[in-house]
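**Q**
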Amino acid sequence: MPQLKPDIETYARIKVVGVGGGGGKAVTRMVDHKINGVDFVTINTDAQDLHFTKARMKIHIGKNLTKGLGAGMNPEVGRQAAEENRDEIHETLKGSDMVFLTAGLGGGTGSGAGPVVAEAARDAGALVIGVVTKPFSFEGEQRKRIAEEAWFQLRDRVDALVTIHNDRLLGVINKETPLLNAFLICDDVLRQAVQGISDLIITPGIINVDFADVKAIMADAGTALMGVGYGVGEDRAVAAAKAAINSPLLDVSIDGARGVLFNVSGGTDLTMWEINEAARVITGSIDSTAKVIFGAVHDDRLKKGEIKITVIATGFTEARATKVAESEEAAHAVKRFAPQEVRSSKEEREPESEWDAVPAFLRRKLK
C-alpha cells in the first residue's frame with residue numbers, strides 16, 4: 000500500500016503584517032528570531048522607517064498623500080493612505096490562510112491604516128488575528144482616544160483581537176530594565192503567538208492539531224487570549240499551563256472562555272498524567288459548554304526535561320473581557336517566560352484514581 004506523504008503546500012500559509020512604525024519594529028524583531036513557516040510584510044507611510052524594517056515584503060502607502068512622510072498622528076491620513084494602496088495590499092495578502100496584523104495604536108498610520116489592512120486581509124479570504132498595543136497613560140488623552148477608536152474599528156474587522164496594554168508593562172519590569180528590553184517583553188506576546196500557532200500547524204503531533212482546529216477556535220471569535228508557557232521540574236505541566244494563561248500584559252483572563260485550544264509539547268518522558276494536570280489548570284474556569292481541542296507533540300527542540308504549552312482561548316462575553324492584571328500571581332507568571340523548577344503543593348486533593356482525575360473531554364478523546 001503506498002505511503003501518504005503530506006505536501007508542504009498543504010500547511011497553512013501564514014503572513015505577519017506590521018502596520019505603522021510600531022508594527023514594523025515588532026516585525027523586524029520577529030525576523031531576527033528566524034521563525035519558520037511565516038512570511039513577513041511591513042506597511043507604512045514613512046518611507047525612511049519602512050526602509051529599515053527587515054520584512055521581505057514592504058508596501059509604501061500614501062506616496063501621493065504624505066510624500067514619504069508619516070501620518071502625523073492623524074488616523075484619517077493613515078486610512079486614506081491605505082485606501083490609496085488597497086489593491087496592492089490585497090494582492091500581497093491574497094492566498095494567505097492566516098494573517099497576523101500587528102500595530103501600535105494611538106498614532107496615525109497604525110490606527111488609521113490598520114483597519115483597512117484587516118479588511119483587505121479578510122476580503123482576501125484569510126483568518127485575521129490582530130495583536131495590538133495601547134499607549135501609556137502618560138502619552139495623553141488624545142493618543143488614548145485615537146487608540147480606543149482604532150481598537151473598536153479593528154475589533155469589527157478581525158476574527159480575533161489580542162490587546163497588550165503598555166501601562167501593564169510597568170508592573171513587570173524594574174527600574175534598571177533598559178528601554179529596548181522592556182519593549183521586547185511586549186514583542187514576546189506577538190512572537191510567541193505566531194510561533195506557537197506556526198508550530199501547531201507545521202509540527203506533526205502524537206495527538207495532532209492542524210489549521211482547521213485553529214480556525215474552529217479563532218474564526219469570528221472577538222477578544223482572544225494567546226500564550227505560551229514553559230516548565231521544568233516535578234510540577235512542570237502545572238507551571239507551564241499557569242504561565243501560558245497568565246500574562247499581565249493582556250486584557251483578558253481565561254475565565255468564561257467558550258473556545259479553547261491547547262497543545263502540550265515535551266520529550267519522550269511526557270506523560271498522560273501531565274497532560275491531564277495541564278488540562279485541569281487550563282479548563283478549570285472556562286465555560287461549561289466550551290469547545291475544547293487539545294494536541295500533544297514530541298518536540299526534540301526542547302531542552303531535556305522541559306515542557307511547553309500553547310494556549311488559545313476565545314469566546315469571551317464583553318462583561319468578562321477585562322482582566323485584573325495587577326495581581327501578584329499574574330505579575331509572577333510573566334516572569335516565567337524562561338523555564339524554572341517549581342515544587343508541588345501538598346494541599347491539593349489527590350484524585351481517587353488516575354482515570355477519575357481525567358477531564359471528561361480528555362477521556363472521550365482517549366477511548
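With numbering that gives the first Met the number 0 applied, the sequence shown has no gaps in its numbers, which climb one by one up to 366 at the end.
Positions of the beta carbon are idealized from the N, C-alpha and C atoms, including for glycine.
In this text the structure is predicted, and so the values were computed from the model without any measurement.
(1) Count the other C-beta atoms from every protein chain shown that fall within 10 angstroms of the C-beta of N35, then say buried if there are 16 or more, exposed otherwise.
(2) Using only the alpha-carbon positions, how far apart do I205 and T316 sit?
(3) Rounded to whole angstroms, what's the CA-CA distance from S264 to M271? Just pull it up for me.
(4) State buried or exposed for G94, treating a residue as buried only when at least 16 other CB atoms are found within 10 Å of its CB.
(5) Whole angstroms is fine: what's the gap from V213's alpha carbon to A236's?
(6) Would DSSP call A295 helix, strand or coil?
(7) If you run the structure through DSSP and keep just helix, strand and coil, what is D38?
(8) Once the 5 residues before and after I311 are set aside, which same chain residues still bring their CB inside 6 angstroms of it?
(9) Under three-state DSSP, which class holds S264?
(10) Does L249 come out as helix, strand or coil in the three-state DSSP assignment?
(11) Could you give the uninterrupted runs of the alpha helix (DSSP H) lying entirely in the region 188-240, keeping only those of 4 residues or more?
(12) Just mark K303 as buried or exposed, buried being the case when its beta carbon has 16 or more other beta carbons within 10 Å.
(13) Closest to F210 by CA distance: which of T222, G221, G195, A223 is it?
(14) Would you call the CB atoms of L168 and A149 closer than 8 angstroms?
(15) Spatial neighbours of I172 within its chain, please: C-beta separation below 6 angstroms, excluding the five flanking residues on both sides.
(16) Are the Cβ atoms of I308 and A243 separated by less than 8 angstroms?
(17) Since M72 sits in a beta bridge, which residues does DSSP pair it with?
(18) Which value, in whole angstroms, describes the spacing of the CA atoms of I200 and G266?
(19) Where G70 and G20 are concerned, what is the direct C-alpha to C-alpha distance, given to the nearest angstrom?
(20) Would you kindly check if the distance between the Cβ of L92 and the Cβ of A112 is under 8 angstroms?
(21) Is D96 closer than 8 angstroms to L126 when the C-beta atoms are compared?
(22) Compute the distance between the beta-carbons of K14 and D48, then report whether it is under 8 angstroms.
(23) Can you tell me where the alpha helix (DSSP H) holding T282 begins and where it ends?
(24) Comparing alpha-carbon positions, which option in G22, H50, V208, A54 lies nearest D31?
(25) In this structure, how does DSSP classify K290 when only helix, strand and coil are distinguished?
(26) Have a look at the DSSP bridge pairing and note the partners of L160.
(27) For a test of the three-state rule: what should DSSP assign to K174, helix, strand or coil?
(28) From this set, G61, G221, K241, L301, which residue's C-alpha is nearest T313's C-alpha?
(29) In whole angstroms, what separates the C-alpha of I42 from that of G103?
(30) Exposed or buried, what is G294 when buried is set at 16 or more other beta-carbons lying within 10 Å of its beta-carbon?
(31) Taking K241 and V280 to be in contact with their CB atoms under 8 angstroms, please state how far apart those CB atoms are, rounded to whole angstroms.
(32) So, using beta-carbon positions, are A192 and V161 closer together than 8 angstroms?
(33) What residue range is occupied by the uninterrupted alpha helix (DSSP H) comprising T91?
(34) Below 8 angstroms CB to CB, which residues in the same chain sit around I415 once its five sequence neighbours on both sides are set aside?
**A** According to the structure shown:
(1) By the neighbour-count rule (16 or more Cβ atoms within 10 Å), N35 is not buried but exposed.
(2) Answer to the nearest angstrom: the Cα atoms are 33 angstroms apart.
(3) Taking the straight line from one Cα to the other gives about 12 angstroms.
(4) G94 is exposed by the Cβ-count criterion.
(5) Roughly 22 angstroms between the two C-alpha positions.
(6) A295 falls in the strand class under three-state DSSP.
(7) In the displayed model, D38 falls within a strand according to three-state DSSP.
(8) Cβ neighbours of I311 within its own chain (closer than 6 angstroms, five residues either side excluded): I216, M225, L260.
(9) Three-state result, S264: strand.
(10) Strand.
(11) Given a length threshold of 4 residues, each whole run of the alpha helix (DSSP H) inside the region 188-240 is given here in chain order: 210-217.
(12) By the 10 Å Cβ count, K303 comes out exposed.
(13) Shortest Cα-Cα distance from F210 to any of T222, G221, G195, A223 involves G195.
(14) No; because the gap between Cβ atoms is not below 8 angstroms, this pair is not in contact.
(15) Once the five neighbours on either side are set aside, the close Cβ partners of I172 are A181.
(16) Yes, the pair counts as a contact, with Cβ atoms nearer than the cut-off.
(17) In the DSSP output, where bridge partners are listed per residue, M72 has none listed.
(18) Each residue's Cα considered, the two are about 19 angstroms apart.
(19) The residue asked about is misnamed: residue 70 is Ala in this sequence, not Gly. C-alpha separation (whole angstroms): 10 angstroms.
(20) No, the Cβ-Cβ distance between A112 and L92 is not below 8 angstroms.
(21) Yes, these two residues count as a Cβ contact at 8 angstroms.
(22) With contacts defined by Cβ atoms closer than 8 angstroms, K14 and D48 do not form a contacting pair.
(23) Note, T282: alpha helix (DSSP H), 271-282.
(24) D31 has its Cα closest to that of A54, out of G22, H50, V208, A54.
(25) Note: K290 maps to strand in three-state DSSP.
(26) As DSSP reads the structure, L160 sits in a beta bridge with G129, T222.
(27) Three-state DSSP puts K174 in coil, outside helix and strand.
(28) The shortest Cα separation from T313 among G61, G221, K241, L301 belongs to G221.
(29) Approximately 13 angstroms between the Cα atoms of the pair.
(30) Buried: at least 16 other Cβ atoms inside 10 Å.
(31) Cβ atoms of K241 and V280 come within 8 angstroms of each other, at about 6 angstroms.
(32) For A192 and V161, yes; Cβs fall inside 8 angstroms.
(33) The continuous alpha helix (DSSP H) containing T91 extends over residues 85-92.
(34) Since the first residue shown for the chain is 0 and the last is 366, residue 415 is missing from the structure and cannot be characterised.
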